[in-house]
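K.L.:
Chains as they are written, first to last, in our numbering: chain F, 603 to 922; chain B, 603 to 922. We treat Cβ as the ideally placed atom computed from N, Cα and C, and that holds for glycine. Predicted model only: the values in this text are computed from it and were never measured. Before we start, here is the structure in question, set down as structure tokens.
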DNA sequence: TCCCCTTATTGTCAGATCGAATATAAGCGG
DNA sequence: CCGCTTATATTCGATCTGACAATAAGGGGA
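Here you go:
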């Protein structure tokens, strides 16, 4: 890279030795039987990751390498999420620079799992307040008063009002609608209000309540980032199909979307939408496994991958 | 970062010394008089940038520092764009790892410019095919046949069909609509087809045609990434106001959006949309500078910044 | 065999949204 | 006072969306 401004040159010499460690880190998602699953290693509290190394041809191939090595799972669809600097994240004092580049990956579980050290967990184990498919989850009954306490605890009345509003918007309090895309905002709010374990780390503070399984470092935050991105993306790009088997019924497709979105969808409307956008085509076969009338099997029309960039894909979400 | 998988530990030791240079790079945008402008340094072919250094408290503050130092321009709104590894970008052979983290920044020009080495240029000087406000730009008359040649030049018939379709979608050929958000796809297509200068670099190949001012390294690509992001974002977040003065007429607001989107908007519909979303409020004053009936002045309702996350902001774009 | 239960598939309807076009208002200058 | 310019307000029809109802096609048990 060139930095041609004169002022820059000088400065650059002064900091020349600055280099940083670069880590690649993956949020790998699959869905089976209406459950959105996350691929973890270690004690189910760590995302697959590893340093970006000399032998890697690119960031993406480095990431694929690490995930495959640590979990035995080859990756298909990959998308960059966000880049963090450790100081942003941990507030560490050490004079060492570390950067993490996070990715979202979508796959199917089918492939032979492999290295016993890894496993799949529902992502709602980590963020239980995110699943609204069967109504408002019970954790929110616990969290809501705590959030109010936290808001009211601010000395400045302006801060107080602002906190109350942020919480109400993020969690859909007082008559507001639940917005499933605000996953990251919700995580950050819970972090700020010290209602999750990570918030107390390094400060000898016990968490106020235990809600959801915590993860190493800021991995749970990265998961929240990935969920937010995915929930927003399924609405305008046909990425769900990365998670489906080659052929599927429309209800299976709907359940998958619902698993990701964490809320229910109106069935006839979902069907109408998928059909009128010509996202799928019939295979000609039917599935008898439904318990009722046999369902037609469909497959994804790969042609849309080309021109769907133009159209945009929306979702008919059902009201609460 | 912890990498607890056992296989990882070993591997990690082997590559331990791997560190990388990290660069911060900014696409700084302002709009004046219906012109979307980009802040450049050097020969108007370089984006402000500099290495992420020890003294920087965070990635963002590092970026602010470099931009202010190189251009004298303080930044307001900032958003991360994408992280590139140099090998992805240049295909360099050297065994040195460099990473670039790019950001999009929105400001107003007002602030004292400063260090003579920098300046503002319309971003359409770099990507002239992106401005469709006065109909299809003339460059496309030149580019279109070249793109066809390139597509037809593929030996494999499948590749040929695929190229033709990609070009048609990206540029809106044969009766397709122009989609202003596909800026990056268009840049990549022109790069692949060697219709812009960057494509020939390091290969002693003269560019087939000269369309738009080129930039250093992959800076023009980063600009394209920024434009694409911004064009998509103005549709669901009220970021335009970062570019407006404290008070403005609705037509000024519309012209700003049009400058960014590169296409025209239906006036009554734009007004209706802005009003019904309560994005603005009247200041009570009027502007006589319009030449006709005086226009009411408005200001941004900062309150919406809080809850607009929920609603989403759409744009009524006019048909071709 | 018929009834009932389950799920699939199709259809309807009202309200909201959106693009397009039209009508009216308020300045200025001749 | 007329005619020009631009601002502002209204209307209309097509489309989209959410909600709901109706019908179809399997299996299982009485």
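#1: Report back the beta-carbon spacing between residue 852 of chain F and residue 876 of chain F to the nearest angstrom; my notes put them in contact at under 8 Å.
#2: Compute the Euclidean distance between the alpha carbons of residue 739 of chain F and residue 789 of chain F, then round it to the nearest angstrom.
#3: Any idea which residues DSSP pairs residue 815 of chain F with across the strands?
#4: For residue 813 of chain F, count neighbouring C-beta atoms within 10 Å of its own C-beta (all shown protein chains included) and say buried if the count is 16 or more, exposed if not.
#5: Please list the partners that residue 928 of chain B has in chain F, where partner means a Cβ-to-Cβ separation under 8 Å.
#6: Can the beta-carbon of residue 843 of chain F be found closer than 8 Å to that of residue 900 of chain F?
#7: Using CA atoms only, rank isn't needed, just tell me which of F:891, F:628 and F:837 is closest to residue 685 of chain F.
#8: Strictly below 9 Å CB to CB, what residues from chain B border residue 728 of chain F?
#9: So with Cβ pairs under 8 Å, would you call residue 758 of chain F a contact of chain B?
#10: Do three or more CB pairs link the region 853-868 of chain B to the region 822-839 of chain B at distances below 8 Å?
#11: To the nearest angstrom, report how far apart residue 653 of chain F and residue 625 of chain B are at their CA atoms.
#12: Might you give, ordered along the chain, the residues of its own chain that have their beta carbon closer than 6 Å to the beta carbon of residue 708 of chain F, omitting 5 neighbours on each side?
#13: Between which two residues does the beta strand (DSSP E) carrying residue 899 of chain F extend?
#14: Using three-state DSSP, classify residue 625 of chain F as helix, strand or coil.
#15: List the endpoints of the continuous alpha helix (DSSP H) containing residue 731 of chain F.
#16: Which value, in whole angstroms, describes the spacing of the CA atoms of residue 832 of chain B and residue 787 of chain B?
#17: Between residue 745 of chain F and residue 797 of chain F, is the Cβ-Cβ spacing less than 8 Å?
#18: Any Cβ of chain B within less than 8 Å of the Cβ of residue 682 of chain F?
#19: Residue 621 of chain F and residue 623 of chain B look like a contact to me (Cβ under 8 Å); what is the Cβ gap, rounded to whole Å?
#20: Alpha carbon to alpha carbon, what distance is there between residue 782 of chain F and residue 865 of chain F?
#21: Should residue 822 of chain F go down as buried or exposed, given a rule of 16 or more other Cβ atoms within 10 Å for buried?
#22: Got a sec: does the ligand COA put a non-hydrogen atom nearer than 7 Å to the Cβ of residue 902 of chain F?
#23: Measuring alpha carbon to alpha carbon, tell me which residue in B:795, B:799 and B:816 is nearest residue 761 of chain B.
#24: So residue 637 of chain F and residue 815 of chain F are supposed to be a Cβ contact under 8 Å. How far apart are they, rounded?
#25: Enumerate in chain order the residues of its own chain whose CB-to-CB distance from residue 672 of chain F is below 6 Å, with the five nearest sequence positions on each side excluded.
#26: Indicate the three-state DSSP secondary structure (helix, strand or coil) for residue 858 of chain B in the structure shown.
#27: What do you get for residue 905 of chain F, buried or exposed, if any count of 16 or more other CB atoms within 10 angstroms of its CB means buried?
#28: Since residue 729 of chain B and residue 828 of chain B are thought to touch, with beta carbons under 8 Å apart, how far apart are those beta carbons, to the nearest angstrom?
#29: Please go through the same chain and pick out, in chain order, the residues whose beta-carbon is closer than 6 Å to the beta-carbon of residue 818 of chain B, but skip the five residues on each side of it.
#30: Could I get the ranges of all uninterrupted beta strand (DSSP E) runs contained in the region 817-856 of chain B, with 3 residues as the minimum, in chain order?
#31: Where do the ends of the alpha helix (DSSP H) carrying residue 872 of chain F lie?
#32: Give the straight-line distance between the Cα atoms of residue 604 of chain F and residue 889 of chain B, rounded to the nearest whole angstrom.
#33: Would you verify that the beta carbon of residue 661 of chain F is, or is not, closer than 8 Å to some beta carbon of chain B?
#34: So that I know if they touch, is there some Cβ in chain F lying closer than 8 Å to that of residue 621 of chain B?
#35: Among the residues of its own chain, which have a CB less than 6 Å from the CB of residue 885 of chain F, if the five just before and after it don't count?
#36: Distance, Cα to Cα, residue 778 of chain B vs residue 882 of chain B?
P.N.:
Straight from the coordinates:
#1: Working through the first chain from its first residue, we reach residue 852 of chain F at position 250. Working through the first chain from its first residue, we reach residue 876 of chain F at position 274. Contact holds; Cβ gap of about 7 Å.
#2: In the first chain, residue 739 of chain F corresponds to position 137, counting from 1. In the first chain, residue 789 of chain F corresponds to position 187, counting from 1. One C-alpha to the other measures close to 16 Å.
#3: In the first chain, counting from the first residue as 1, residue 815 of chain F sits at position 213. The partner list for residue 815 of chain F (beta bridge, DSSP) is empty, contrary to what the question assumes.
#4: Along the first chain, one-based indexing puts residue 813 of chain F at 211. That one is buried.
#5: Since the first residue shown for chain B is 603 and the last is 922, residue 928 of chain B is missing from the structure and cannot be characterised.
#6: For the purposes of this step, residue 843 of chain F is identified with residue 241 of the first chain, where counting begins at 1. For the purposes of this step, residue 900 of chain F is identified with residue 298 of the first chain, where counting begins at 1. No. Outside cutoff.
#7: Taking the first residue of the first chain as position 1, residue 685 of chain F is located at position 83. Selected option, being the one with the closest Cα: F:628.
#8: For the purposes of this step, residue 728 of chain F is taken as residue 126 along the first chain, with counting starting at 1. Within chain B, no residue comes near residue 728 of chain F; the closest Cβ sits about 17 Å away, beyond 9 Å.
#9: The residue you call residue 758 of chain F lines up with position 156 of the first chain. For residue 758 of chain F, the answer is no, since every Cβ of chain B falls outside 8 Å of its Cβ.
#10: yes
#11: What you label residue 653 of chain F is simply residue 51 of the first chain in a count that begins at 1. What you label residue 625 of chain B is simply residue 23 of the second chain in a count that begins at 1. If I take the Cα positions, the gap works out to 18 Å.
#12: On the first chain, residue 708 of chain F is found 106 positions in, with the first residue counted as 1. For residue 708 of chain F, where only same-chain residues beyond five positions count, the Cβ hits under 6 Å are 631, 679, 844 and 845.
#13: In the first chain, residue 899 of chain F corresponds to position 297, counting from 1. Run containing residue 899 of chain F: 897-902, per the beta strand (DSSP E) assignment.
#14: Numbered from its first residue, the first chain carries residue 625 of chain F at position 23. It is a strand residue.
#15: Here residue 731 of chain F refers to the residue found at position 129 when the first chain is read from its first residue. That residue, residue 731 of chain F, is in no alpha helix (DSSP H); it is neither H nor E in DSSP.
#16: Position 230 of the second chain, counted from the first residue, corresponds to residue 832 of chain B. Position 185 of the second chain, counted from the first residue, corresponds to residue 787 of chain B. Answer to the nearest angstrom: the Cα atoms are 15 Å apart.
#17: Translated into positions along the first chain, residue 745 of chain F becomes position 143. Translated into positions along the first chain, residue 797 of chain F becomes position 195. Yes.
#18: On the first chain, position 80 is the one that residue 682 of chain F refers to. True, the Cβ-Cβ gap to chain B drops below 8 Å.
#19: By 1-based counting over the first chain, the position of residue 621 of chain F is 19. By 1-based counting over the second chain, the position of residue 623 of chain B is 21. Right, their Cβ atoms sit about 6 Å apart.
#20: Position 263 of the first chain, counting from 1, holds the residue named residue 865 of chain F. Position 180 of the first chain, counting from 1, holds the residue named residue 782 of chain F. Those two C-alpha atoms are separated by around 8 Å.
#21: Position 220 of the first chain, counted from the start, is the residue given in the question as residue 822 of chain F. Residue 822 of chain F should be labelled buried.
#22: Looking at this structure, you won't find the ligand COA or any other ligand, since it has none at all.
#23: Position 159 of the second chain, counted from the start, is the residue given in the question as residue 761 of chain B. Residue B:795 is the option with its Cα nearest to residue 761 of chain B.
#24: Numbered from 1 along the first chain, position 35 holds the residue referred to as residue 637 of chain F. Numbered from 1 along the first chain, position 213 holds the residue referred to as residue 815 of chain F. Not a contact, Cβ separation roughly 15 Å.
#25: For the purposes of this step, residue 672 of chain F is taken as residue 70 along the first chain, with counting starting at 1. Taken in chain order, the residues that qualify are 643 and 650.
#26: Here residue 858 of chain B is taken as the residue at index 256 of the second chain, counted from 1. Helix, per DSSP.
#27: Within the first chain, the letter at position 303 stands for residue 905 of chain F. Under this definition residue 905 of chain F is an exposed residue.
#28: Indexing the second chain from 1 puts residue 729 of chain B at position 127. Indexing the second chain from 1 puts residue 828 of chain B at position 226. Not a contact, Cβ separation roughly 11 Å.
#29: The residue labelled residue 818 of chain B in the question sits at position 216 within the second chain. The residues are 647 and 648.
#30: none
#31: As a working note, residue 872 of chain F is residue 270 in the first chain. Where residue 872 of chain F is concerned, the enclosing alpha helix (DSSP H) stretches over 869-878.
#32: Working through the first chain from its first residue, we reach residue 604 of chain F at position 2. Working through the second chain from its first residue, we reach residue 889 of chain B at position 287. Confidence in residue 604 of chain F is poor, its pLDDT being 44 and thus under 50, which makes the residue's placement unreliable; the coordinate value appears in the next sentence. About 45 Å.
#33: Position 59 of the first chain, counted from the start, is the residue given in the question as residue 661 of chain F. Yes, its Cβ sits closer than 8 Å to a Cβ of chain B.
#34: Here residue 621 of chain B refers to the residue found at position 19 of the second chain. Yes, because at least one Cβ of chain F sits closer than 8 Å to the Cβ of residue 621 of chain B.
#35: As a working mapping, residue 885 of chain F is identified with position 283 in the first chain. Cβ neighbours of residue 885 of chain F beyond the five flanking positions: 849, 899 and 901.
#36: As a first step, residue 778 of chain B is located in the second chain; it is residue number 176 there, counting from the start. As a first step, residue 882 of chain B is located in the second chain; it is residue number 280 there, counting from the start. The alpha-carbon atoms of residue 778 of chain B and residue 882 of chain B are separated by roughly 35 Å.
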